[in-house]
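K.L.:
A single structure is presented below for examination.
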Amino acid sequence: MRLAPLVVLVAVVGCGDDSNQAPEDAGVDVGQPDAFVDLTGPYFAPDHIVEVSITMAPSDWNALRMQTRTFGSIIEGDCLAQPIPSPFTEFSASITIDGTTFPQVSIRKKGFFGSLDMNKPSLKVDLDDLVADTTYLGLEKLTFNNARQDSSLVRQCLAYKIFTDAGIVAPRCNFAHVRVNGADLGIYVNVESIDRHFARRRYVQGEGGLFEGTLSDFRTSWMNTFDIKGKGDRSDLLPLVTVLETASDANLVTALAPHLDVDKFITYWAMEMVTNHWDGYANDRNNFFVYKDPSTGKLDFIPWGVDATFQPNATFGGIGNTTGPIAIAAAGLLTNRLWNNPPTKQMILDRQRVMLANVFNETKLLAEVARMETLIGPIADSVSGTGWRNGVTSVRNFINQRRARLSAALDAGPVWNQPLADYPCLDVVAKVTGTFTATYGTLGATNPFGQGSGTFSIMIGGSTTTLTPVGATAGTDAASGTSLIQIFGQRGSDGHVFAVSISVPRNIFFPRGVDIGFFDSMGAVYEYNPTTDTTQQVGIMLGTMSLTQASSQANAPVAGSFSSNVDVQGTP
28 MRLAPLVVLV
38 AVVGCGDDSN
48 QAPEDAGVDV
58 GQPDAFVDLT
68 GPYFAPDHIV
78 EVSITMAPSD
88 WNALRMQTRT
98 FGSIIEGDCL
108 AQPIPSPFTE
118 FSASITIDGT
128 TFPQVSIRKK
138 GFFGSLDMNK
148 PSLKVDLDDL
158 VADTTYLGLE
168 KLTFNNARQD
178 SSLVRQCLAY
188 KIFTDAGIVA
198 PRCNFAHVRV
208 NGADLGIYVN
218 VESIDRHFAR
228 RRYVQGEGGL
238 FEGTLSDFRT
248 SWMNTFDIKG
258 KGDRSDLLPL
268 VTVLETASDA
278 NLVTALAPHL
288 DVDKFITYWA
298 MEMVTNHWDG
308 YANDRNNFFV
318 YKDPSTGKLD
328 FIPWGVDATF
338 QPNATFGGIG
348 NTTGPIAIAA
358 AGLLTNRLWN
368 NPPTKQMILD
378 RQRVMLANVF
388 NETKLLAEVA
398 RMETLIGPIA
408 DSVSGTGWRN
418 GVTSVRNFIN
428 QRRARLSAAL
438 DAGPVWNQPL
448 ADYPCLDVVA
458 KVTGTFTATY
468 GTLGATNPFG
478 QGSGTFSIMI
488 GGSTTTLTPV
498 GATAGTDAAS
508 GTSLIQIFGQ
518 RGSDGHVFAV
528 SISVPRNIFF
538 PRGVDIGFFD
548 SMGAVYEYNP
558 TTDTTQQVGI
568 MLGTMSLTQA
578 SSQANAPVAG
588 SFSSNVDVQG
598 TP
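One rule links them: number in this note's numbering = place in the sequence shown (from 1) + 27.
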């Protein structure tokens, strides 16, 4: 019996000084004045690097930085019943901000997947969690992003600036130099938190409903995925949802008008395209906020999570790639309805040209990149080396090439014919655990049970079966170029053979812990029926693997263990 190599690709988706403790006149205040006054201009000044020193118990810091999330916690079960849960807990710490010390604050790790890092985690600081009504210049929360997805360090501030230049409400952004327990973590991106303070600063009436969209859409079945971040409740979103689900194409713009400034949203959408914000609402239904403005009754979109802008990206089949961008993305219901409505379809195409002509100014953008590079260069070079400057070069290349590439795509007539995503949740149908020892280069062996060794158990329907014999192979998959590990086990009751197939990019194929199912690797479980000589997929794997030995050199030993759920497409 020969089981060919199997590859599965899954797409979804310094210390504080008590002698310097802050007096009230140094920025600590109680509550917010009725007449809002913004004191944060100097803090977010573009030419200012905020000096941040965090002190906390070393055990707490280690616990914080090691926390992570699994893909299964996002997508398994009824994943549309609530916002994506956070696995991150808060820890007590002291923080000094530009010389002002707050001895008791809460701090936690932040991030979805791309920004997760155990050495330099992104951080969220809550100043008034432990001591009520404590603020710094009126700010209750501080956001420090590690820029793990942005090797240049400059993309986030550049993107928020150009969104703002286009007339879109967006957070302010500069840089922070962060130390934890005396260890220098280097440059972070200091992004204005989108919260009550932000809303009061940017809107005439800043007490409206505020919602964060993370893999969220304006459909009845998806509404509970919006995370409520301020006043209001999800009923604030219902009028827009109703229009999108019921209005005819002919009446769409008229029906949307009381609930959404369609023209302004078209500009927002166009700026996602111009900056290649492939992980935003239009392409990924992700990384956005909406604010229900009490003065207009309308929803306003606010960009978020822009660390992957200003670069080509094809990882998620997104809106840019190395050969040139496609000029449209319409994966969300709102963008999909507007794209399939001829008048608004023409608006989004025309608006991209307007943004290229009036907002995307290469000279100004390149000057801003140069300014930021000069500002953060000494710190970034001393802490991280000079490799980040290669990322800056990539940003410059994007800026210099974007107009020609996007214009050509617009001239060619972009096409978006992808259907709206169905129910995205997965159901767990099995669980597999085991160990393996294999030799690199044995992948595709005619008799896999003659190769390697290991253990293999599978649980289906609450019943666990230990499979025997067990074989294991490893090698480079000819089609994908990845390192592929396969573990085979036979069920004694009927002779069926189960195969675990785990694909790992060769550049990260070395001894370590591996997340199966998203960034690190992908996997699937297959079942072979010898009676019918047929193979079927049991499901995809969402779990972990520990590689104790791993190398892509010929005849190198490959060994480790795995534990994973096996999932299939769920049904509502």
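Glycine included, every Cβ here is placed at the ideal spot set by N, Cα and C.
These numbers come from a predicted model, not from an experiment.
1. Measuring straight from C-alpha to C-alpha, what distance separates residue 179 and residue 501?
2. Just verifying my parser: in three-state terms, what is the DSSP assignment at residue 341?
3. Straight-line CA distance for residue 494 to residue 447?
4. Could you tell me whether the stretch 418-426 touches the stretch 555-562, using the rule of 3 or more Cβ pairs below 8 Å?
5. In the structure shown, what three-state DSSP assignment does residue 98 receive?
6. Got a sec, what are the start and stop residues for the alpha helix (DSSP H) residue 147 sits in?
7. For residue 334, which three-state DSSP category applies?
8. Is the CB-CB distance between residue 170 and residue 218 below 9 Å?
9. Across which residues does DSSP place residue 77 in a beta bridge pair?
10. Indicate, with yes or no, if the ligand GTP has a heavy atom lying under 8 Å from the CB of residue 488.
11. Determine the extent of the alpha helix (DSSP H) in which residue 379 is found, giving its start and end residues.
12. State buried or exposed for residue 43, treating a residue as buried only when at least 16 other CB atoms are found within 10 Å of its CB.
13. Just to confirm the assignment: which complete beta strand (DSSP E) runs, minimum length 3, are found wholly within the stretch 213-260?
14. Tell me residue 135's beta-bridge partners as DSSP assigns them.
15. Where residue 317 and residue 326 are concerned, what is the direct C-alpha to C-alpha distance, given to the nearest angstrom?
16. For residue 192, which beta-bridge partners are listed by DSSP?
17. Can you tell me the Cα-Cα spacing of residue 72 and residue 505, whole angstroms?
18. Should the stretch 205-214 be regarded as contacting the stretch 225-236, the criterion being three or more beta carbon pairs within less than 8 Å?
19. When burial is assigned at 16 or more other CB atoms within 10 Å of the CB, is residue 466 buried or exposed?
20. If we ignore side chains and look at the alpha-carbon of each, how far apart do residue 99 and residue 309 end up?
21. If you reduce the DSSP assignment to three classes, tell me which class residue 117 lands in.
22. Does DSSP put residue 568 in a helix, in a strand, or in coil?
23. Restricting to Cα atoms, I'd like to know which of 487, 534, 520 is closest to residue 503.
24. Does residue 85 come out as helix, strand or coil in the three-state DSSP assignment?
25. Any idea which residues DSSP pairs residue 540 with across the strands?
26. Buried or exposed: which applies to residue 161, given that a residue is buried once 16 or more other Cβ atoms fall within 10 Å of its Cβ?
27. Which whole runs of the beta strand (DSSP E) in the stretch 480-556 are 3 residues long or more, in chain order?
28. Which same chain residues, not among the five before or five after residue 460, have their C-beta less than 6 Å away from its C-beta?
29. Short of 6 Å in beta carbon distance, which residues of its chain neighbour residue 596, apart from the five on each side in sequence? Order them along the chain.
30. So, at 6 Å on beta carbons, what are the nonlocal neighbours of residue 335 in its own chain, with the 5 sequence-adjacent residues on each side left out?
31. Could you give the distance in angstroms between the alpha-carbon of residue 132 and the alpha-carbon of residue 220?
32. Which residues mark the beginning and the end of the beta strand (DSSP E) in which residue 324 is found?
33. Between residue 522 and residue 573, is the Cβ-Cβ spacing less than 9 Å?
34. Return yes when the Cβ of residue 598 is within less than 9 Å of the Cβ of residue 454, no when it is not.
35. Is residue 210 helix, strand or coil by DSSP?
36. Can you tell me where the alpha helix (DSSP H) with residue 418 in it begins and where it stops?
P.N.:
Reading from the atomic positions:
1. Taking the first residue of the sequence shown as position 1, residue 179 is located at position 152. Taking the first residue of the sequence shown as position 1, residue 501 is located at position 474. Near 36 Å, if we compare the C-alpha coordinates of residue 501 and residue 179.
2. Indexing the sequence shown from 1 puts residue 341 at position 314. For residue 341, the predicted structure reports a pLDDT of 43, less than 50, and the residue's modelled location is therefore unreliable. A value from the coordinates is still provided. Residue 341: coil per DSSP, three-state reduction.
3. What you label residue 494 is simply residue 467 of the sequence shown in a count that begins at 1. What you label residue 447 is simply residue 420 of the sequence shown in a count that begins at 1. Cα to Cα, residue 494 sits roughly 40 Å from residue 447.
4. no
5. Within the sequence shown, numbered from 1, the residue matching residue 98 stands at position 71. Note: residue 98 maps to helix in three-state DSSP.
6. On the sequence shown, position 120 is the one that residue 147 refers to. Taken as a continuous stretch (DSSP letters only), residue 147 belongs to no alpha helix (DSSP H), as it is neither H nor E.
7. Here the question's residue 334 lines up with position 307 in the sequence shown. Coil at residue 334, not helix or strand.
8. The residue given as residue 170 occupies position 143 in the sequence shown. The residue given as residue 218 occupies position 191 in the sequence shown. Closer than 9 Å, so yes.
9. Translated into the one-based positions of the sequence shown, residue 77 becomes position 50. According to DSSP, residue 77 bridges with 203.
10. In terms of ligand content, the structure shown is empty, and the ligand GTP therefore cannot be addressed.
11. Residue numbering aside, residue 379 sits at position 352 when the sequence shown is read from its first letter. Segment 369-385, the alpha helix (DSSP H) holding residue 379.
12. The residue labelled residue 43 in the question sits at position 16 within the sequence shown. Unreliable positioning characterises residue 43 in this predicted model, as indicated by a pLDDT of 36, which lies under 50. The coordinate reading is nonetheless provided below. Burial call: buried.
13. 236-240
14. In the sequence shown, counting from the first residue as 1, residue 135 sits at position 108. Per DSSP, 151.
15. Indexing the sequence shown from 1 puts residue 317 at position 290. Indexing the sequence shown from 1 puts residue 326 at position 299. When rounded, the distance between both Cα atoms is 6 Å.
16. In the sequence shown, residue 192 corresponds to position 165, counting from 1. None, per the DSSP bridge assignment.
17. Residue mapping note: residue 72 aligns to position 45 of the sequence shown, counting from 1. Residue mapping note: residue 505 aligns to position 478 of the sequence shown, counting from 1. One C-alpha to the other measures close to 52 Å.
18. no
19. The residue you call residue 466 lines up with position 439 of the sequence shown. Buried, because 16 or more other Cβ atoms sit within 10 Å of the Cβ of residue 466.
20. Counted from its first residue, the sequence shown places residue 99 at position 72. Counted from its first residue, the sequence shown places residue 309 at position 282. Their backbone Cα atoms lie some 24 Å apart in a straight line.
21. Within the sequence shown, residue 117 is the residue found at index 90, counting from 1. Coil.
22. As a first step, residue 568 is located in the sequence shown; it is residue number 541 there, counting from the start. Of the three classes helix, strand and coil, the one that applies to residue 568 here is strand, per DSSP.
23. Counted from its first residue, the sequence shown places residue 503 at position 476. Nearest of 487, 534, 520 to residue 503, Cα basis: 534.
24. Here residue 85 is taken as the residue at index 58 of the sequence shown, counted from 1. DSSP places residue 85 in helix when its eight states are reduced to three.
25. Taking the sequence shown and counting its residues from 1, one reaches residue 540 at position 513. Paired residue(s): 573.
26. Position 134 of the sequence shown, counted from the first residue, corresponds to residue 161. That one is buried.
27. 480-487, 490-493, 497-503, 510-517, 524-531, 539-543, 549-556
28. Reading the sequence shown from its first residue, position 433 is the one you call residue 460. Excluding positions up to five away in sequence, the list reads 484, 590.
29. Residue 596 sits at position 569 when you count from the first residue of the sequence shown. Excluding residues within five positions, none has a Cβ falling inside 6 Å.
30. Along the sequence shown, one-based indexing puts residue 335 at 308. Counting only Cβ-Cβ distances below 6 Å, and skipping sequence neighbours, we find 176, 306.
31. Looking up residue 132 in the sequence shown gives position 105. Looking up residue 220 in the sequence shown gives position 193. Whole-angstrom Cα-Cα distance: 16 Å.
32. Counting from one through the sequence shown, the residue named residue 324 turns up at place 297. Premise fails: residue 324 is in no beta strand (DSSP E) and is neither H nor E.
33. Indexing the sequence shown from 1 puts residue 522 at position 495. Indexing the sequence shown from 1 puts residue 573 at position 546. Cβ atoms of residue 522 and residue 573: not closer than 9 Å.
34. Looking up residue 454 in the sequence shown gives position 427. Looking up residue 598 in the sequence shown gives position 571. A contact, by the Cβ cut-off of 9 Å.
35. Position 183 of the sequence shown, counting from 1, holds the residue named residue 210. Strand, per DSSP.
36. Working through the sequence shown from its first residue, we reach residue 418 at position 391. Unbroken alpha helix (DSSP H) run through residue 418: 415-439.
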